[in-house]
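K.L.:
As you go down the protein sequences, you meet chains P and D in turn.
Residues in the first sequence are numbered from 1 upward in steps of one, following this note's numbering.
Residues in the second sequence are numbered from 1 upward in steps of one, following this note's numbering.
Protein chains: 2
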Amino acid sequence: MGVANELDIYIAIKDAIIQQKLRPSMQLVEEVIAESFGVSRTPVRNVLRKLAGEKLVTVIPYKGTFVACPTVEEAKEVFEMRRVIEASGVKKVSGKLTRDQLSQLSELLDEEHSAHHNGDPLLAVRLSGNFHLKIAEFTGNNYYFRYLEELISLTYVIIALYGMSKHMHCSDHRRLMLLIEQGEAEQAERLMIEHLKEIEDTLQFEEKGTAPQTLSEVFRLANGHYASVKG
Amino acid sequence: MGVANELDIYIAIKDAIIQQKLRPSMQLVEEVIAESFGVSRTPVRNVLRKLAGEKLVTVIPYKGTFVACPTVEEAKEVFEMRRVIEASGVKKVSGKLTRDQLSQLSELLDEEHSAHHNGDPLLAVRLSGNFHLKIAEFTGNNYYFRYLEELISLTYVIIALYGMSKHMHCSDHRRLMLLIEQGEAEQAERLMIEHLKEIEDTLQFEEKGTAPQTLSEVFRLANGHYASVKG
DNA sequence: TAATCCAAGATTGGATACAATCCTAATCAA
DNA sequence: TTGATTAGGATTGTATCCAATCTTGGATTA
């Protein structure tokens, strides 16, 4: 690839984080990224600041930019806010979707289903996220989408950190879509809340309880050979 | 003032927008801001991008950065999301606040009350916003605070654009605090939703219905003598 | 007159050079 | 050996220069 604009770089880094190619606490050195995209550090800095605004990375002055490493408490906050926004969102769209919108949801369900059977759990998780995002999009209110996009991106990082059981309650999505289609707003709302609680419960918070609290701690433990995009 | 760091600049611009010294659609020329803060354009650019991430300003490539000018639809989206987040927030804190937290809320109410009687409606609006923010803070979940801070900042811009009746339902806040104190979660939730709907209803969306849709339109109308921080 | 084209000014976008800061590791002394 | 000190490298932060783009206004021409 030759040069790239800021949007390309933004998408590339965000995708790399979501696909766990960049794992939590990894350092993102500006010059390395700049060279690999054929640009100077300036646009890279802009992108990293933008990602910092979405809490996907953490900028530590004069030290560097690191992929976010949410604590257990932060992870629980993410899921709590997801329940607030998604419960309201699914209630809002219930019984209000067009045939075309419903078929878009249905298509995402099919893709998620086949990703499961093809043994690609990471892809399945991302398609699951897209299902939730689509509902937010269909509310017609941009804030449902904007905030949920941020929260779902963080959910991917949380899953990268704290793992996830294989069984992803795929059937919940199907039932959710039926309730939306039938206009059962209250039931859809309750199911969404339950669904998100179940996802949160499948995370193994205690297992990696010794997960790094601070970033400096990480790199001290690794004795200088810390994880980096250079490696 | 001599030099300034990014945080100073960020706070100064944000305050200027909130206090309506910088009105919607005004252009923020990087070099002008840089000179007035004694720095180069670089940190100013960073701040403007950060504000753009919060939707307080709009960056148009190769044209400039302008104070946000929300449309009626966008304004209604802001209030809808405020209802979602604040209804959940006030329900969450009801009956859970310490004596100290309640007195913090009470103090804000007193300040708001005196700002009203001192004929400073702008200050009263800001103190009202702080009251709502404090509740979000007391949820203990950072996302309530982060998202609401963004939405309330935008509310100030919306009020600057679409005006507001003098009578601000100051008594709602008092009743809200009582319900929180007494642990009447459901009643507090309902009152918060009603309160926010009333605020939205006092906005005069139709009057300034000829409000500028696009920024370029604004400056065409003014025939070159457009509003600017230079002026 | 009216429309088109071009040039100049203003502003932002990006690349580069340098300053500030942090971390590491070697050196030295107790 | 252990601790403090310091020099070097690595990385980010800032300033400055130039390029890209947009807008305006005047000149030119039909």
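The beta-carbon is built from N, C-alpha and C at its ideal position, and this holds for glycine as well.
Please read all numbers here as calculations on a predicted model, not as lab measurements.
Using beta carbons (cut-off 8 Å, strictly below), is P/Y147 in contact with chain D?
P.N.:
As a working mapping, residue 147 of chain P is identified with position 147 in the first sequence. Answer yes: the Cβ-Cβ gap between P/Y147 and chain D drops below 8 Å somewhere.
K.L.:
Around the C-beta of D/G183, are 16 or more other C-beta atoms found within 10 angstroms, so that it is buried, or is it exposed?
P.N.:
Translated into the one-based positions of the second sequence, residue 183 of chain D becomes position 183. Per the 10 Å Cβ criterion, exposed.
K.L.:
Helix, strand or coil: how does DSSP classify D/Q119 here?
P.N.:
Numbered from 1 along the second sequence, position 119 holds the residue referred to as residue 119 of chain D. The amino acid occupying residue 119 of chain D in the given sequence is Gly; Gln does not appear at that position. Note: D/G119 maps to coil in three-state DSSP.
K.L.:
Closer than 8 Å, CB to CB, is D/R49 near chain P or not?
P.N.:
Taking the second sequence and counting its residues from 1, the one referred to as residue 49 of chain D is at position 49. At least one chain P Cβ lies under 8 Å of D/R49.
K.L.:
Check the Cβ-Cβ distances between P/G129 and every residue of chain D, and say whether any is below 8 Å.
P.N.:
In the first sequence, residue 129 of chain P corresponds to position 129, counting from 1. It does not: the Cβ of P/G129 has no partner Cβ on chain D nearer than 8 Å.
K.L.:
Buried or exposed: which applies to P/P70, given that a residue is buried once 16 or more other Cβ atoms fall within 10 Å of its Cβ?
P.N.:
On the first sequence, position 70 is the one that residue 70 of chain P refers to. Under this definition P/P70 is a buried residue.
K.L.:
List the DSSP bridge partners of P/V57.
P.N.:
Locating residue 57 of chain P in the first sequence gives position 57, counting from the first residue. According to DSSP, P/V57 bridges with P/V67.
K.L.:
Mind checking if P/M192 is an interface residue toward chain D, Cβ cutoff 8 Å exclusive?
P.N.:
As a working mapping, residue 192 of chain P is identified with position 192 in the first sequence. For P/M192, the answer is no, since every Cβ of chain D falls outside 8 Å of its Cβ.
K.L.:
Let me know the secondary structure DSSP gives D/M192 once reduced to three states.
P.N.:
In the second sequence, counting from the first residue as 1, residue 192 of chain D sits at position 192. D/M192: helix per DSSP, three-state reduction.
K.L.:
What's the gap between the Cα of D/V47 and the Cα of D/A4?
P.N.:
One-based indexing of the second sequence puts residue 47 of chain D at position 47. One-based indexing of the second sequence puts residue 4 of chain D at position 4. Approximately 12 Å between the Cα atoms of the pair.
K.L.:
Shorter than 8 Å from the beta carbon of D/S106 to some beta carbon of chain P?
P.N.:
Here residue 106 of chain D is taken as the residue at index 106 of the second sequence, counted from 1. Closer than 8 Å: no.
K.L.:
Does the Cβ-Cβ distance between D/M177 and D/S88 come in under 8 Å?
P.N.:
Position 177 of the second sequence holds residue 177 of chain D. Position 88 of the second sequence holds residue 88 of chain D. Not in contact: D/M177 and D/S88 (Cβ atoms no closer than 8 Å).
K.L.:
Could you tell me whether the Cβ of D/M81 comes closer than 8 Å to any Cβ of chain P?
P.N.:
The sequence position of residue 81 of chain D within the second sequence is 81, counting from 1. Yes, D/M81 lies at the interface with chain P (some Cβ there is under 8 Å from its Cβ).
K.L.:
Would you call the stretch 134-151 of chain D in contact with the stretch 62-69 of chain D, where contact means no fewer than 3 C-beta pairs closer than 8 Å?
P.N.:
Touching, no, given that fewer than three Cβ pairs across the two stretches are closer than 8 Å.
K.L.:
P/G129 and P/T155 - do their beta-carbons sit closer together than 8 Å?
P.N.:
Taking the first residue of the first sequence as position 1, residue 155 of chain P is located at position 155. Taking the first residue of the first sequence as position 1, residue 129 of chain P is located at position 129. The answer is yes: Cβ separation under 8 Å.
K.L.:
Can you grab the Cα-Cα spacing for the pair P/K271 / D/K14, in whole Å?
P.N.:
The structure shown does not extend to residue 271 of chain P, since chain P is modelled only from 1 through 231, so no value can be given for it.
K.L.:
Could you check what DSSP says for P/T210 in three-state terms: helix, strand or coil?
P.N.:
As a working mapping, residue 210 of chain P is identified with position 210 in the first sequence. Caution applies to P/T210, whose pLDDT of 46 falls short of 50 and renders its modelled position unreliable; the model cannot decide the point.
K.L.:
Counting pairs of Cβ atoms below 8 Å between the stretch 79-88 of chain P and the stretch 77-87 of chain D, do you hit three or more?
P.N.:
Short answer: they touch.
K.L.:
If we count the other Cβ atoms within 10 Å of its Cβ and call it buried at 16 or more, is P/Q19 buried or exposed?
P.N.:
As a position in the first sequence, residue 19 of chain P is number 19, starting the count at 1. It counts as exposed.
K.L.:
If the criterion is Cβ atoms closer than 8 Å, does the pair P/L148 and P/A136 meet it?
P.N.:
As a working note, residue 148 of chain P is residue 148 in the first sequence. As a working note, residue 136 of chain P is residue 136 in the first sequence. In contact: P/L148 and P/A136 (Cβ atoms closer than 8 Å).
K.L.:
Is the stretch 49-59 of chain D close to the stretch 42-58 of chain P, with three or more CB pairs under 8 Å?
P.N.:
Yes: at least three Cβ pairs fall under 8 Å.
K.L.:
Tell me which same chain residues have a C-beta within less than 7 Å of the C-beta of P/V93, skipping the five on either side of it?
P.N.:
Locating residue 93 of chain P in the first sequence gives position 93, where the first residue counts as 1. I135, F138, T139, I180, listed in sequence order.
K.L.:
Whose CA, out of P/F37, P/V157, P/M26, lies closest to the CA of P/L7?
P.N.:
Looking up residue 7 of chain P in the first sequence gives position 7. Looking at the Cα atoms, P/F37 is the closest of the given residues.
K.L.:
If we cut at 8 Å on Cβ distances, does P/I85 have a partner in chain D?
P.N.:
If you number the first sequence from 1, residue 85 of chain P lands on position 85. It does: the Cβ of P/I85 has a partner Cβ on chain D nearer than 8 Å.
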